[in-house]
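The structure appears below as structure tokens.
Numbering (our numbering), first residue to last: 1480 to 1785.
Put into structure tokens, the structure is as follows:
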């Protein structure tokens, strides 16, 4: 069975794995992401690839930023701005003589769910990744949509508050799980504002302040889902991100969506509510999704979604 080398480039860690074309992980590892510049970063990646050279038939990469999947070029690079303009075909395809693929990390996670997870066989739907902002991907006609500028599904750019004067009024901040956790910990007087475990201990225990902040947050997420549903008419919405492991998250988003629909007659009676479920994949989602994107590209199936 053919094997592929997959990289998941993150702001904290560079994850890598060797998989077969059925999605079985043969081995995987990670290293702290090199942030000192492109040359040092590539040196690290080349050292990893050289270890497996001769054992893979392709290289797949997931990373932040706007990704030109046609020409294999990274734009912006998120928290790694030195990746802006990096041509993966030249840097890896030409160097190792194998097919290469590169995909946005949010879209890669959605592809993982399409291939082997909660979006498998779903004709229309979406995935929301609730982290520092809101990432994900939109599926229409059984295909992940990239858009004319490779930015379809960038939900963080939706303007949530029409009176906002800065980024705080956009979906990226309104739907930020990190911001919600910070607000809960601040209300509780916890010293570590990023401690998600402490925040959810209070939420699950029914602490009044924590629950109020959490329910307001889930109402914001429900509003995001409603807005996307009006455009996509999805049958299923998949919730990903670290907080999705908490059962109360999916339950409360569903409750808040229903409460929102009940406020408006036409929403309740005319707009069909999508099924809202937890994502199957967590830490390895981008690994699986990047590989699936490469396999689709090799087989020519990705053309249908462009």
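Using N, Cα and C, we set each Cβ at its ideal position, and we do this for glycine too.
In this text the structure is predicted, and so the values were computed from the model without any measurement.
Beta-carbon gap between residue i and residue j smaller than 8 Å
| i | j | result |
| --- | --- | --- |
| residue 1577 | residue 1567 | no |
| residue 1484 | residue 1525 | no |
| residue 1509 | residue 1494 | yes |
| residue 1788 | residue 1635 | Residue 1788 lies beyond the residue range present for the chain, which begins at 1480 and ends at 1785; the question has no answer from this structure. |
| residue 1667 | residue 1681 | yes |
| residue 1759 | residue 1592 | yes |
| residue 1774 | residue 1534 | no |
| residue 1629 | residue 1663 | no |
| residue 1504 | residue 1542 | no |
| residue 1575 | residue 1644 | no |
| residue 1599 | residue 1559 | no |
| residue 1585 | residue 1621 | no |
| residue 1686 | residue 1677 | no |
| residue 1722 | residue 1779 | no |
Anticipated Cβ contact below 8 Å, residue i with residue j, distance rounded
| i | j | result |
| --- | --- | --- |
| residue 1625 | residue 1717 | Going by Cβ atoms, the distance from residue 1625 to residue 1717 rounds to 18 Å, so no, they are not a contact pair. |
| residue 1431 | residue 1589 | Only positions 1480 to 1785 of the chain appear in the structure, and residue 1431 is not among them; the question remains open. |
| residue 1422 | residue 1539 | Since the first and last residues shown for the chain are 1480 and 1785, residue 1422 lies out of range. |
| residue 1750 | residue 1689 | At roughly 31 Å, the Cβ-Cβ gap does not stay under 8 Å, so residue 1750 and residue 1689 are not in contact. |
| residue 1545 | residue 1561 | Not really, about 15 Å apart at Cβ, beyond 8 Å. |
| residue 1736 | residue 1705 | 7 Å |
| residue 1649 | residue 1637 | 7 Å |
| residue 1755 | residue 1732 | 6 Å |
| residue 1747 | residue 1740 | 5 Å |
| residue 1587 | residue 1765 | 4 Å |
When the options are compared against residue i, the one with the closest alpha-carbon
| i | options | result |
| --- | --- | --- |
| residue 1712 | 1684, 1562, 1514, 1605 | 1605 |
| residue 1763 | 1595, 1562, 1480 | 1595 |
| residue 1730 | 1707, 1700, 1750 | 1700 |
| residue 1776 | 1663, 1692, 1579 | 1579 |
| residue 1490 | 1496, 1480, 1740, 1557 | 1557 |
| residue 1570 | 1496, 1618, 1517 | 1517 |
| residue 1482 | 1511, 1536, 1620, 1691 | 1536 |
| residue 1661 | 1486, 1691, 1672 | 1672 |
| residue 1753 | 1765, 1766, 1734, 1767 | 1734 |
| residue 1631 | 1727, 1778, 1564, 1707 | 1707 |
| residue 1703 | 1492, 1627, 1652, 1679 | 1652 |
| residue 1572 | 1742, 1550, 1647, 1512 | 1550 |
| residue 1486 | 1779, 1767, 1674 | 1767 |
| residue 1520 | 1502, 1498, 1563 | 1563 |
| residue 1771 | 1633, 1480, 1502 | 1502 |
| residue 1619 | 1601, 1627, 1633 | 1601 |
| residue 1679 | 1553, 1724, 1698 | 1724 |
| residue 1498 | 1492, 1757, 1480 | 1480 |
Residue interval of the beta strand (DSSP E) (run including residue i)
| i | result |
| --- | --- |
| residue 1596 | Premise fails: residue 1596 is in no beta strand (DSSP E) and is neither H nor E. |
| residue 1486 | 1482 to 1488 |
| residue 1617 | 1613 to 1619 |
| residue 1580 | 1579 to 1583 |
| residue 1605 | 1604 to 1609 |
| residue 1758 | Careful: residue 1758 lies outside any beta strand (DSSP E) and carries neither H nor E. |
| residue 1678 | Note, residue 1678: premise wrong, no beta strand (DSSP E); alpha helix (DSSP H) at 1675 to 1683. |
| residue 1545 | 1545 to 1547 |
| residue 1624 | Residue 1624 -> no beta strand (DSSP E), and no H or E assigned at all. |
| residue 1715 | 1715 to 1719 |
| residue 1552 | 1552 to 1554 |
Alpha helix (DSSP H) segment containing residue i, residue limits
| i | result |
| --- | --- |
| residue 1463 | Only positions 1480 to 1785 of the chain appear in the structure, and residue 1463 is not among them; the question remains open. |
| residue 1659 | 1656 to 1667 |
| residue 1501 | Where residue 1501 is concerned, there is no enclosing alpha helix (DSSP H), given that its DSSP letter is neither H nor E. |
| residue 1733 | 1726 to 1742 |
| residue 1697 | 1687 to 1711 |
| residue 1538 | Note, residue 1538: premise wrong, no alpha helix (DSSP H); beta strand (DSSP E) at 1538 to 1542. |
| residue 1653 | 1650 to 1653 |
| residue 1645 | No alpha helix (DSSP H) holds residue 1645; DSSP gives it neither H nor E. |
| residue 1528 | 1517 to 1531 |
Indicate whether the contact test is met: 3 or more Cβ pairs, each with one atom in the region 1593 to 1613 and one in the region 1654 to 1663, closer than 8 Å.
The region 1654 to 1663 and the region 1593 to 1613 touch, with three or more beta-carbon pairs separated by less than 8 Å.
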